[in-house]
Amino acid sequence: MATAAGAPRSAATPGRRKRSRPGRKWRQGIGRPRPDPTQGPAPTSHLPSAGRIVNLPQHSSARSTLARGRHGGAGLGAPNPRDLVDIWKRFGEKEVSHSMAHYLQAVAALKSDKGHARVVDIADHLGVSKSGVTSMLRSLQSRGLVTHERYGAVELTPSGQRLASRTESNRRVLTMFLSEILGVPEAVASEDACMIEHLVSPEVSIELLRLTTFVRSKHPVAAQFRDAYKASPRSCAEHAPGACELCGETCLHESLVCEPKDGGAEV
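Take 7 as the starting number for the sequence shown in the numbering used here and just add one per residue.
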């Protein structure tokens with residue numbers, strides 16, 4: 007390659023140092039100093055950065071950082087973008103998709119109602135083609151969630167049965183919480199519950215069920231809560247801009263209910 011003056015450029019450009027890479031033995035851990043176990047945890051500066059988080063522990067730094075928000079507080083600040091990327095990667099690694107969850111529930115429902123679930127039964131139950139059912143069954147079978155012999159009945163494996171039951175339970179809990187506790191119209195509650203039933207973690211669903219059970223109970227505090235919640239304002243317009251403890255500088259309520267001004271579809 008020639009320089010601007012036409013003279014060939016030397017292999018080693020003055021002022022630039024060739025970036026060195028660790029040797030193979032060093033990358034494999036051979037020859038690294040072993041830390042003294044009595045001196046605390048081993049140093050991690052030599053370790054490569056994590057590529058992606060598959061199973062994010064409940065109390066991991068990524069989840070706690072997301073809960074605190076970038077600027078601290080009670081989870082209302084902007085989360086770290088890298089934490090969001092990790093979560094979305096894990097979102098794509100869920101055991102089943104929305105469609106898969108519906109197929110598992112369909113098989114479970116047909117087994118309960120008719121005693122068997124065949125391809126034609128599943129197609130009629132979901133309103134899809136038989137070829138579509140066959141394709142989905144192959145995906146479910148590859149994940150170990152169903153067993154299916156050609157022209158035979160479809161059976162849920164223990165893992166498939168657990169997922170179907172958990173998804174159905176999530177839907178019921180979400181529908182009750184949204185409609186009976188939050189007062190969301192039943193049709194909206196049912197639709198929203200259907201969209202997220204396969205995504206909610208057991209820990210969240212259990213706490214939602216616990217809260218729903220308590221608020222619906224005859225406990226005097228539960229009755230007071232129901233009355234106070236119904237009487238509470240639906241917006242934070244009573245606060246001066248920036249004075250709301252929850253919203254901060256941007257009103258959350260306004261951002262949720264405002265209509266698009268550019269003619270686009272409302273999200």
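Beta carbons are placed, not taken as given, at the ideal position from N, Cα and C, and that holds for glycine.
For His154: DSSP bridge partner residues: Val160
Between the CA atoms of Gln147 and Ile128 - distance to the nearest angstrom: 15 Å
Classification of Leu262 by the beta-carbon crowding that lies within 10 angstroms, buried from 16 upward: exposed
Whole-angstrom distance between Gly158 and His122, CA atom to CA atom: 10 Å
Ala237, buried or exposed, once every other Cβ within 10 Å from all chains shown has been counted against 16: exposed
Outcome for Ala229 when other beta-carbon atoms lying within 10 angstroms are tallied against a minimum of 16: exposed
Buried or exposed by the 16-neighbour rule on C-beta atoms within 10 Å, applied to Leu53: Legend: pLDDT at Leu53 = 35, less than 50; position of this residue unreliable, value from coordinates given subsequently. By the neighbour-count rule (16 or more Cβ atoms within 10 Å), Leu53 is not buried but exposed.
Unbroken stretches of the alpha helix (DSSP H), 4 residues or longer, contained in the region 202-256: 208-222, 226-237
Boundaries (first-last residue) of the alpha helix (DSSP H) holding Ala123: Looking at the DSSP string, Ala123 is not in any alpha helix (DSSP H), and its letter there is neither H nor E.
7 Å Cβ cutoff met for Glu203 and Arg177: yes
Cβ contact (3+ pairs, closer than 8 Å) linking the region 128-145 and the region 176-195: no
Leu184 - DSSP class collapsed to helix/strand/coil: helix
Candidates Glu213, Cys253, Phe183: closest to Arg232 by CA position: Phe183
Residue environment, Asp119, which counts as buried when at least 16 other CB atoms sit within 10 Å: exposed
Start-to-end residues for the alpha helix (DSSP H) that takes in Val139: 136-148
Close-in-space but distant-in-sequence residues of the same chain around Thr218 (CB under 8 Å, 5 per side omitted): Val179, Met182, Phe183, Glu186, Ile187
Short Cβ contact (7 Å threshold) for Val152 with Val139: no
For Pro208 and Asp198, the rounded distance between their alpha carbons: 18 Å
Buried versus exposed, by CB contacts within 10 Å (16 or more), Val194: exposed
Closest residue to Thr163 among Gln111, Ile212, His131 (Cα-Cα distance): Gln111
Residue-level contact to chain D via CB, Lys136, 7 Å cutoff: Included in the structure is just one protein chain, with no chain D present.
Host alpha helix (DSSP H) of Ser261 (start-end): 258-263
Local Cβ density within 10 Å of His131, reported as buried at 16 or more and exposed below that: buried
Rounded straight-line distance, which links the Cα of Ala115 to that of His108: 10 Å
Cβ shell of Ser211 (< 6 Å), same chain only, five flanking positions each side left out: Asn176, Val179
Beta-carbon proximity check, Ser165 vs Gly150, cutoff 7 Å: yes
Option nearest Gln174 by Cα separation, candidates Met106, Thr256, Arg222, Cys257: Checking the displayed sequence, the identity of residue 174 turns out to be Glu instead of Gln. The residue with the shortest Cα to Cα distance from Glu174 is Met106.
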